[in-house]
Amino acid sequence: MLRLLASYSMVKCGTVQAGKGERVYRAEPICRFFLKDNIQDIGSLASQVIVNFDSVFLSTWGQLKDVVLEGGDAFGRAHGGMKLFDHMGTDERFSKLFNQTGFTIAVVKKALEVYQGFKDVNVLVDVGGGVGNTLGVVTSKYPNIKGINFDLTCALAQAPSYPGVEHVPGDMFVDVPKGDAMILKRILHDWTDEDCVKILKNCWKSLPENGKVVVIELVTPDDAENGDINANIAFDMDMLMFTQCSGGKERSRAEFEALAAASGFTHCKFVCPAYHCWIIEFCKENV
């Protein structure tokens, strides 16, 4: 196993000169991204790897052939017809594991370096915000912002407290708390186009006339080109959505523009990248 990790530059192999020339291994700098202690500082990939290799998700890959040939839902086939987020409501162990994934913290911190769109916001709603770590990072930079972390009760049960952040339980398919702006971070890729429009219309209703939704998502390129690391990541995640979520997918620019228009937003602006993700604004007014 160590030799395999060395071949991927995760660890470096050396030889002890004295004695029998035993191999020794040391961690390479990239390993800091797999430390659980780094979740709040730079994000951690460790929990993401663990959840993706959990039996709940691994079992869905066994359904891939039948889904391709016959259609249907890989997760539902593997779990008695139940969808992912319904399953999480009945499986406390897996729900806790899922909500501990912290690798997107690095994306949020990068977003705050390159994106200035939160500086004039007073009330910011994170729709589907999980345990609230995104708002925790945002309000640490902008303490004037009142953060509303909005998610299902089962997700908020594991949420710690953050300065300036209120945890509000609810269902984004029913309604969304009012705010000057909203965040949808890695939420839309979990759902079908029809479901995304329902979520976005509820966001639209709860925003003022000059309000906006800040979408943070991968954007798939129009063409799959060899050697494009962002395309590698986007299409890899698209396969995960295909097996893990009922109708979820990664989307292209044109698909995001179509979602914005179908939900009543007048403008869809691709502001800037934050690592492999894009920051996209859905605006009620064409600003």
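Here full-length UniProt numbering is used: the first residue of the sequence shown is 1, the next is one more, and so on. Just so it is clear, CB atoms sit at the ideal spot from N, CA and C, and this is done for glycine as well.
The beta carbon of T60 lies closer than 7 Å to those of A74, F75, A78, T243 and Q244 in the same chain, with the five residues before and after it left out.
In the DSSP annotation of this structure, the continuous segment of the beta strand (DSSP E) that includes F150 starts and ends at K146 to D151. Cβ-Cβ separation between L184 and D171: approximately 15 Å, too far for a contact (criterion under 8 Å). For P208, same chain residues with a beta-carbon under 7 Å away, outside a window of 5 residues either side, are D180 in chain order. By the Cβ criterion, the segment 121-130 is in contact with the segment 140-156, since at least three pairs of Cβ atoms, one from each stretch, lie closer than 8 Å. Assignment of K12 by DSSP, reduced to helix, strand and coil, places it in the strand class.
For V56, the enclosing alpha helix (DSSP H) starts and ends at S55 to W61. At a cut-off of 4 residues, the continuous stretches assigned as alpha helix (DSSP H) that sit fully inside the segment 194-261 are 229-244. Annotated three-state conformation of D120 is coil, per DSSP. Between L240 and H276, the CB-CB gap reaches or exceeds 8 Å. Taking 8 Å as the cut-off, the beta carbon of E255 is found no closer than this to the beta carbon of A234. Taking every protein chain shown into account, the CB of L69 has fewer than 16 other CB atoms within 10 angstroms, so this residue is exposed. Assignment of beta-bridge partners to Y25 by DSSP yields C13.
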